[in-house]
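Numbering (this note's numbering), first residue to last: 283 to 418. Since the structure comes first, as C-alpha cells, the remarks are kept for the end.
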C-alpha cells in the first residue's frame, strides 16, 4: 500500500476507492500576458523555447507543459499564430502583398503563413480582396 500511495497519480483511501490527484495549475493570467507581449515585440526574431521560458523564470520543459495546459497550444503553435495575426492586419487595411506582410511579421517565406492558415482552418487563405470584405 505504501508504494501505491507514494508513487501513483491516484490515491487509495482506506476503503480502497481511488481518487484522482488534482492537476497542478497552469500559468497565471499575468504570466501569459507577459509572454504574449514579449512574443509580439520580438516576432521578427527567432524565438526559442528557452528564451520564452526565461521571460517568466521557468525551465523550458516546465514552461512548455504549463503553456499547453493554460492555452491549449504549445509554444511552437502560439508563436506562428501571433505572427499570423500581425500579418493579417496589413492585409485587411492596405494593398501590401502577402510576401511583404509575411516578412514584416517574422515569417521567413510567403508560403509559411499560407500553411499555418490552412492547417488552422482546414482551407487555404482566400484572396486579399475577399479577406478584406470579411474583415469589414
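Every residue, glycine too, gets a C-beta built ideally from N, C-alpha and C.
Whole-angstrom C-beta distance between residue j and residue i, which should lie under 8 Å
i: residue 359; j: residue 338; result: Their Cβ separation, rounded to whole angstroms, is 18 Å, which puts residue 359 and residue 338 out of contact at 8 Å.
i: residue 309; j: residue 334; result: No, residue 309 and residue 334 are not in contact; Cβ-Cβ is about 11 Å, not under 8 Å.
i: residue 277; j: residue 356; result: In the structure as shown, the chain begins at 283 and stops at 418. Residue 277 is therefore absent and cannot be evaluated.
Secondary structure of residue i, DSSP reduced to three states
i: residue 307; result: coil
i: residue 393; result: helix
i: residue 318; result: helix
i: residue 364; result: helix
i: residue 359; result: helix
i: residue 328; result: coil
Short Cβ contact (8 Å threshold) for residue i with residue j
i: residue 325; j: residue 368; result: yes
i: residue 361; j: residue 321; result: yes
Residue i: first and last residue of the uninterrupted alpha helix (DSSP H) it sits in
i: residue 343; result: 342-353
i: residue 334; result: 331-336
Test: residue i CB closer than 8 Å to a CB of chain C
i: residue 355; result: Among the chains in the structure shown there is no chain C, since it carries only a single protein chain.
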